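Residue numbers (this note's numbering): 1 to 463.
Every residue, glycine too, gets a C-beta built ideally from N, C-alpha and C.
All figures in this text were calculated on a predicted structure; none of them were measured in a lab.
Scroll down for the structure; my scribbles are underneath it.
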């Protein structure tokens with residue numbers, strides 16, 4: 001029986017009669033095949049009775065109907081489970097060719113593949129995008145729960161009932177512009193916005209990715225389609241933009257409404273100071289003037305901020321040497337700049353096509369910030385502005401050898417209304433305005449600062 005066990009786990013080709021007697025197949029003529037049953041072994045010697053019964057049913061059916069019949073079975077051999085596939089191929093009215101193959105490896109691979117597919121299904125069912133994999137004929141191979149909820153589970157051909165619109169919400173995509181069609185042609189599609197308009201449904205906006213699937217040889221094997229519904233996100237973004245626009249308008253109007261009475265108040269304060277001889281009262285008036293100046297600075301900065309946020313980009317050719325020199329000349333008149341050496345080193349012929357208002361806001365605030373936060377005294381105090389023209393960008397630096405900033409301050413320096421030194425007058429909006437203008441220009445800014453050494457702001461503006 002041990003020998004029989006070893007024998008049955010390998011592939012066998014047997015000639016079997018309807019009684020279950022067999023002999024191993026040998027090539028030759030089978031037209032006059034005749035087996036001496038009494039001298040031949042029976043299938044029950046190598047297989048359990050239940051399996052022999054199934055095989056004999058297949059053998060008889062094959063001889064009676066003249067057609068191939070198949071039986072699948074498994075055997076527990078020690079701690080292992082072996083799987084077999086038996087084909088009964090009719091030879092004549094009495095005998096069949098019984099092909100028994102050990103398909104354990106195939107079954108194990110099938111089981112592992114099923115487990116991997118089940119795991120893959122669990123994974124893709126947990127992700128928000130609607131994921132569908134198609135074969136080359138357009139048949140669905142894999143689909144996740146999100147896509148099933150979209151109606152595909154019922155077999156509804158929604159795409160044929162759907163109007164696929166471009167981001168403007170009016171123009172329909174041509175068929176060869178659709179992500180799925182493009183992917184079937186071999187193109188990788190990333191983040192294509194498609195507005196799907198279906199009858200009796202509100203339009204929904206999808207971010208679509210489509211990737212051609214290929215086998216190891218590089219041959220087309222279908223398409224993977226991922227569609228993410230971003231309608232709610234877009235609605236929130238639109239609402240947020242609307243609120244920001246309303247807030248900007250409120251700030252702009254409120255700042256302008258405050259500007260006129262502040263200007264009138266300035267005249268009254270100056271007049272009162274000129275006419276007052278009482279020293280104590282004069283001190284109070286000067287405190288009022290100082291507070292008024294701080295309020296005026298804040299109002300002016302708020303107006304500047306709202307102008308930047310609402311500003312449409314207007315590109316002009318800027319001659320940088322003249323542009324920077326004009327700004328530096330004006331800021332040299334700031335009271336804190338009187339004992340400072342403020343210099344501008346601009347590369348000859350440096351030009352840039354950019355929005356003048358945004359660039360002016362950046363440079364004015366950075367240079368002014370370097371002036372008012374400089375060391376109050378000491379030798380060789382300077383603020384230096386350098387401009388270098390590069391093939392793809394313009395590189396600007398504002399350098400000072402002032403107080404410098406510790407790391408915690410550097411992390412907050414662009415925050416709105418943040419003031420690191422409360423003893424220095426200011427609104428806390430200057431560097432916030434710089435950051436907003438930089439982002440609007442599509443530029444970048446870096447900060448390098450060390451306490452007691454100084455600060456450098458580096459700006460890169462793409463051409």
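Taking every protein chain shown into account, the CB of residue 301 has 16 or more other CB atoms within 10 angstroms, so this residue is buried. Of all alpha-carbon atoms in 329, 349 and 348, the one lying nearest the alpha-carbon of residue 340 is that of 329. Fully enclosed alpha helix (DSSP H) runs of no fewer than 4 residues occupy 179 to 184 of the stretch 177 to 212, in order along the chain.
Proximity to residue 169 across 182, 192, 205 and 369 peaks at 205, based on C-alpha coordinates. With contacts defined by Cβ atoms closer than 8 Å, residue 371 and residue 320 do not form a contacting pair. In this structure, DSSP gives residue 405 a state outside helix and strand, which the three-state scheme calls coil. Scanning 149, 338, 405 and 46 for the CA closest to the CA of residue 380 turns up 338.
For the pair residue 457 and residue 315, the CB atoms are not nearer than the 8 Å cut-off. Spatial neighbours of residue 195 in its own chain (CB-CB distance under 6 Å, excluding positions within 5 residues in sequence) are listed in chain order as 165, 169, 203 and 205. Taking 8 Å as the upper bound for CB-CB distance, residue 84 and residue 75 are in contact here, some 7 Å apart. For residue 457, no alpha helix (DSSP H) segment is defined; the enclosing uninterrupted segment is the beta strand (DSSP E) at 454 to 462. Runs of the alpha helix (DSSP H) spanning 4 or more residues and lying entirely within the stretch 340 to 421 occur at 356 to 372 and 407 to 412, in chain order. Residue 338 sits in coil when the DSSP states are folded into three classes, being neither helix nor strand.
DSSP places residue 50 in the uninterrupted alpha helix (DSSP H) bounded by 49 to 65. Closest in C-alpha terms to residue 429, from the list 215, 411, 304 and 392, comes 304. DSSP, read as helix, strand or coil, puts residue 13 in strand.
Secondary structure note for residue 88: its beta strand (DSSP E) is the uninterrupted segment 80 to 90. The C-beta distance from residue 56 to residue 78 rounds to 26 Å, too long to fall under 8 Å, and the pair is not in contact. Excluding sequence positions up to five before and after residue 226, its CB lies within less than 6 Å of the CB of 129, 131 and 209, all in the same chain and listed in chain order. In this structure, the CA atom of residue 354 is about 13 Å from the CA atom of residue 392. Counting the other Cβ atoms within 10 Å of the Cβ of residue 283 gives fewer than 16, which makes it exposed. Here residue 452 has 404 as same chain residues with Cβ atoms under 6 Å from its own Cβ, once five neighbours each way along the sequence are excluded. When the five nearest sequence neighbours on each side are left out, the beta carbons in the same chain lying within less than 6 Å of the beta carbon of residue 369 are those of 430, in order along the chain.
C-alpha of residue 120 to C-alpha of residue 113: approximately 10 Å in a straight line. In terms of Cα proximity to residue 105, the closest of 47, 81, 126 and 116 is 81. For residue 280, DSSP records no beta bridge to any residue. Counting of Cβ neighbours within 10 angstroms places residue 179 among the buried residues, the total reaching 16 or more. Within the stretch 92 to 124, the runs of beta strand (DSSP E) at least 3 residues long that lie entirely inside it are, in chain order, 95 to 102.
The C-alpha of residue 141 lies about 18 Å from the C-alpha of residue 126.
Excluding the 5 residues flanking it on each side, residue 220 has same chain C-beta neighbours closer than 7 Å at 136, 212 and 214, in chain order.
Bounds of the alpha helix (DSSP H) holding residue 327 are 320 to 331. Straight-line measurement puts the Cα of residue 382 at about 36 Å from the Cα of residue 265. Considering only 39, 289 and 258, the residue with the shortest C-alpha distance to residue 273 is 289. Under the 10 Å beta carbon count, residue 90 is surrounded by 16 or more other beta carbons and is classified as buried.
Residue 69 and residue 52 have their C-alpha atoms some 14 Å from each other. About 12 Å separates the beta carbon of residue 394 from that of residue 363, a gap too long to meet the 8 Å contact definition.
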